[in-house]
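See structure below.
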Amino acid sequence: MNTEDQTPLDDALVSTLAVIEAQPLEARAAAYVQLHEHLRERLEGGDVPAQVAG
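Just so it is clear: in the sequence shown, position 30 is 30 by full-length UniProt numbering, and no numbers are missing.
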């Protein structure tokens, strides 16, 4: 991907990764787990309310 194709979300992810990489190893591991969960929720539609069974 070249810089012309980058979006603000790309920039936010790069910034987040830079912050994570600057942390000590143990904190980095926890931060990557948190980032993984956040991205998984977004990809799986976690921001869409679940339908109530009824």
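In this text, a Cβ means the ideal position worked out from N, Cα and C, and glycines have one as well.
For L43 against T16, the beta-carbon gap comes to about 16 Å, at or over 8 Å, which does not count as contact. Look at P8 here: in three-state DSSP terms it is helix. Annotated three-state conformation of Q34 is helix, per DSSP.
Remark: C-beta atoms of Q23 and A12 do not approach each other more closely than 8 Å.
Put simply, the backbone Cα of V19 is about 16 Å away from that of H38.
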